[in-house]
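Residue numbers (this note's numbering): 1 to 122.
Quick notes on the structure that follows.
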Amino acid sequence: KPIEPFENIFAPSWNASAQPTLAMAAIAEREEEAFTLPELPWNKGDLVPHMSAETVEYHHGKHHQAYVTKLNELLSRPENAHWKGKSLEQIIQGSTGAVYNQASQVWNHNFYWKCMAPNPSS
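So this is what it looks like as structure tokens:
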């Protein structure tokens with residue numbers, strides 16, 4: 001079964017016409033620009049005491065960024081030129097090997113950040 005677009009995996013109340021979000025940034029059709037590390041949907045310290053700001057910074061700013069950087073490096077190679085203008089989902093569905101792994105990790109991390117939210121009582 002094909003991977004559903006990011007919007008379709010959220011509850012029906014999710015507003016797809018809202019301003020671009022972490023998830024939407026990851027699936028936007030690309031032209032020649034590289035994929036970018038999306039902004040977090042909350043401040044780095046907002047998950048304390050469950051996750052420290054330092055952990056969020058490391059996981060987002062270094063770990064997740066490394067997947068984005070490596071994916072862009074792979075996509076800049078001539079043998080991967082056919083992925084130009086494709087969404088992250090299209091790349092995942094049609095690629096193999098390192099391109100598949102890096103694109104999947106970018107998607108997974110985009111989803112990971114979207115699944116967390118600060119405690120509303122804080």
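Ideal placement from N, C-alpha and C gives every residue a C-beta, glycine not left out.
Short of 8 Å in beta carbon distance, which residues of its chain neighbour residue i, apart from the five on each side in sequence? Order them along the chain.
{"i": "residue 104", "result": "92"}
{"i": "residue 115", "result": "none"}
{"i": "residue 40", "result": "22, 56, 60 and 113"}
{"i": "residue 106", "result": "26, 35, 64, 67, 68, 71 and 88"}
Within 10 angstroms of the Cβ of residue i, are there 16 or more other Cβ atoms? Answer buried if so, exposed if not.
{"i": "residue 82", "result": "exposed"}
{"i": "residue 63", "result": "exposed"}
{"i": "residue 87", "result": "buried"}
{"i": "residue 76", "result": "exposed"}
{"i": "residue 52", "result": "exposed"}
{"i": "residue 29", "result": "For residue 29, the pLDDT reaches just 43, beneath the cut-off of 50, and the residue's location in the model is therefore unreliable, although a value from the coordinates is still provided. The residue in question, residue 29, is exposed, as its Cβ has fewer than 16 Cβ neighbours within 10 Å."}
{"i": "residue 31", "result": "Residue confidence for residue 31 is low, a pLDDT of 45 falling below 50, so the modelled location carries little weight; the figure read from the coordinates is stated next. Residue 31 comes out exposed."}
Measuring alpha carbon to alpha carbon, tell me which of the options ends up nearest residue i.
{"i": "residue 34", "options": "85, 53 and 117", "result": "85"}
{"i": "residue 98", "options": "80, 89 and 44", "result": "80"}
{"i": "residue 36", "options": "44, 49, 65 and 48", "result": "65"}
Near residue i, which residues of its chain fall below 6 Å by C-beta distance, leaving aside the five closest residues on each side in sequence?
{"i": "residue 42", "result": "118"}
Report the three-state DSSP secondary structure of residue i (helix, strand or coil).
{"i": "residue 111", "result": "helix"}
{"i": "residue 21", "result": "Low confidence applies here, because residue 21 scores a pLDDT of 44, under 50, leaving its location unreliable and the question unanswered by this model."}
{"i": "residue 99", "result": "helix"}
{"i": "residue 45", "result": "coil"}
{"i": "residue 38", "result": "coil"}
{"i": "residue 117", "result": "coil"}
{"i": "residue 52", "result": "coil"}
{"i": "residue 87", "result": "coil"}
{"i": "residue 104", "result": "helix"}
Excluding sequence positions up to five away, which residues of its chain have a Cβ less than 7 Å from the Cβ of residue i?
{"i": "residue 102", "result": "67, 70, 71 and 74"}
{"i": "residue 46", "result": "118"}
{"i": "residue 100", "result": "92"}
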